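K.L.:
Pasting a structure below so you can have a look.
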Amino acid sequence: GENVEQHPSTLSVQEGDSAVIKCTYSDSASNYFPWYKQELGKRPQLIIDIRSNVGEKKDQRIAVTLNKTAKHFSLHITETQPEDSAVYFCAASRGTSYDKVIFGPGTSLSVIP
Amino acid sequence: DVKVTQSSRYLVKRTGEKVFLECVQDMDHENMFWYRQDPGLGLRLIYFSYDVKMKEKGDIPEGYSVSREKKERFSLILESASTNQTSMYLCASSPKLAGEQFFGPGTRLTVL
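Protein chains in written order, with the working numbering: chain V, 3 to 115; chain L, 647 to 758.
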């Protein structure tokens, strides 16, 4: 079955610096890749997603890149702020009916003021 | 706004008890999911349902069952709770499987 790996497991950056989280997946048929953010004590929420027909997607300070050949995708956060501190989960899915989304183990990001 | 609610935020049960966790969504979503969240392991899928009375096993279904009698409600059942089922349980719903999932607030279950 699909397996999603995520690195690093923890990440600390200075406020204003960039943060990059990388994920790899095993199922070459995967074509939908969402990213979720979970703040302490709160529920996960979707922050950005990408489908396999594009290589990059941006939304203000966050961007996701996808390399289908290498089966990896990354989340980039620029100009980090303390409110970016959270656990981030990547996920992968085939994107077809009745197909489940498989989550990575998560990255705990700390932004130091 | 999509609202996904779970019956309890915190629950303490004893080994061997039958435990019911309920999830309700108000957005007419076809798909509903149950995950457990443990430190370092991410979100692991227990069961999901893509229609009323339909269910599919996720990655860790052992020791659990589910029920979906109505579209808006998805219940997770621990037939005989064990200490290794102490965890945070998250419910989610989505309008389609490969789309945004909306999560409930979670139930922290402790089995003594």
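The C-beta atom is built at its ideal place from N, Cα and C for all residues, glycine as well. All values derive from a computational prediction rather than experimental measurement.
(1) Pairs of beta-carbons, one from the segment 56-71 of chain V and one from the segment 7-14 of chain V, closer than 8 Å: are there three or more?
(2) Whose C-beta lies closer than 6 Å to the C-beta of C669/L among residues of the same chain, with five residues either side of it excluded?
(3) With a threshold of 8 Å, are at least 3 pairs of Cβ atoms found where one atom belongs to the segment 84-99 of chain V and the other to the segment 34-47 of chain V?
(4) Please specify which runs of the beta strand (DSSP E), each continuous and at least 3 residues long, are wholly inside the segment 654-730 of chain L, giving them in chain order.
(5) On the three-state DSSP scale, how would you describe P107/V?
(6) List the residues of chain L whose Cβ lies closer than 9 Å to the Cβ of E91/V, in chain order.
(7) Using beta carbons (cut-off 8 Å, strictly below), is P746/L in contact with chain V?
(8) Give the list of continuous beta strand (DSSP E) stretches no shorter than 3 residues that lie fully inside the segment 28-109 of chain V.
(9) Establish whether the CB of F749/L and some CB of chain V are separated by less than 8 Å.
(10) Flag K117/V as yes if its beta-carbon sits less than 8 Å from any beta-carbon of chain L, otherwise no.
(11) Ordered along the chain, which non-local residues of its own chain (more than five positions away) have a Cβ less than 7 Å from that of K703/L?
(12) Could you tell me which chain L residues have their CB closer than 9 Å to the CB of R45/V, listed as they occur along the chain?
(13) Express the C-alpha separation of D19/V and K73/V in angstroms, rounding to a whole number.
(14) Can you have a look at S11/V and say buried or exposed, based on whether 16 or more other CB atoms are within 10 angstroms of its CB?
(15) F75/V versus chain L: which residues are under 9 Å apart at the beta carbon?
(16) Return the bridge partner residues of L13/V from the DSSP annotation.
(17) Please look up how many angstroms separate the CB atoms of L13/V and T109/V, rounded, as I've assumed it's under 8 Å.
(18) Whose CA, out of F35/V, V22/V, A93/V and S95/V, lies closest to the CA of G57/V?
P.N.:
Quick look at the numbers:
(1) no
(2) For the purposes of this step, residue 669/L is taken as the residue at position 23 of the second sequence. Counting only Cβ-Cβ distances below 6 Å, and skipping sequence neighbours, we find Q652, F720, C737 and G750.
(3) yes
(4) 656-659, 665-671, 677-684, 688-695, 710-716 and 719-724
(5) Locating residue 107/V in the first sequence gives position 105, where the first residue counts as 1. Coil, per DSSP.
(6) Position 89 of the first sequence holds residue 91/V. One detail in the question is off: residue 91/V reads as Phe in this sequence, not Glu. Here the neighbours are G688 and L689.
(7) The residue you call residue 746/L lines up with position 100 of the second sequence. It should be pointed out that residue 746/L corresponds to Glu in this sequence rather than to Pro. With 8 Å as the cut-off, E746/L counts as an interface residue toward chain V.
(8) 34-40, 47-53, 58-61, 64-69, 74-79 and 88-94
(9) As a working mapping, residue 749/L is identified with position 103 in the second sequence. It does; some Cβ of chain V falls within 8 Å.
(10) There is simply no residue 117/V to check, as chain V begins at 3 and stops at 115 in what is shown.
(11) For this step, residue 703/L is matched to residue 57 along the second sequence. Cβ within range, chain order: Y693.
(12) Here residue 45/V refers to the residue found at position 43 when the first sequence is read from its first residue. Residues of chain L passing the Cβ test: V650, L736, A738, F748, F749, G750, P751 and G752.
(13) Taking the first residue of the first sequence as position 1, residue 73/V is located at position 71. Taking the first residue of the first sequence as position 1, residue 19/V is located at position 17. Using only the alpha carbons, I get a separation of about 27 Å.
(14) Looking up residue 11/V in the first sequence gives position 9. It counts as exposed.
(15) For the purposes of this step, residue 75/V is taken as the residue at position 73 of the first sequence. None at all; the shortest Cβ gap to chain L is about 15 Å.
(16) As a working note, residue 13/V is residue 11 in the first sequence. Beta-bridge pairing links L13/V to L111/V.
(17) For the purposes of this step, residue 13/V is identified with residue 11 of the first sequence, where counting begins at 1. For the purposes of this step, residue 109/V is identified with residue 107 of the first sequence, where counting begins at 1. The pair is a contact, with the Cβ atoms about 6 Å apart (cut-off 8 Å).
(18) To locate residue 57/V, count along the first sequence from 1; it is residue 55. For G57/V, the nearest C-alpha among the options comes from F35/V.
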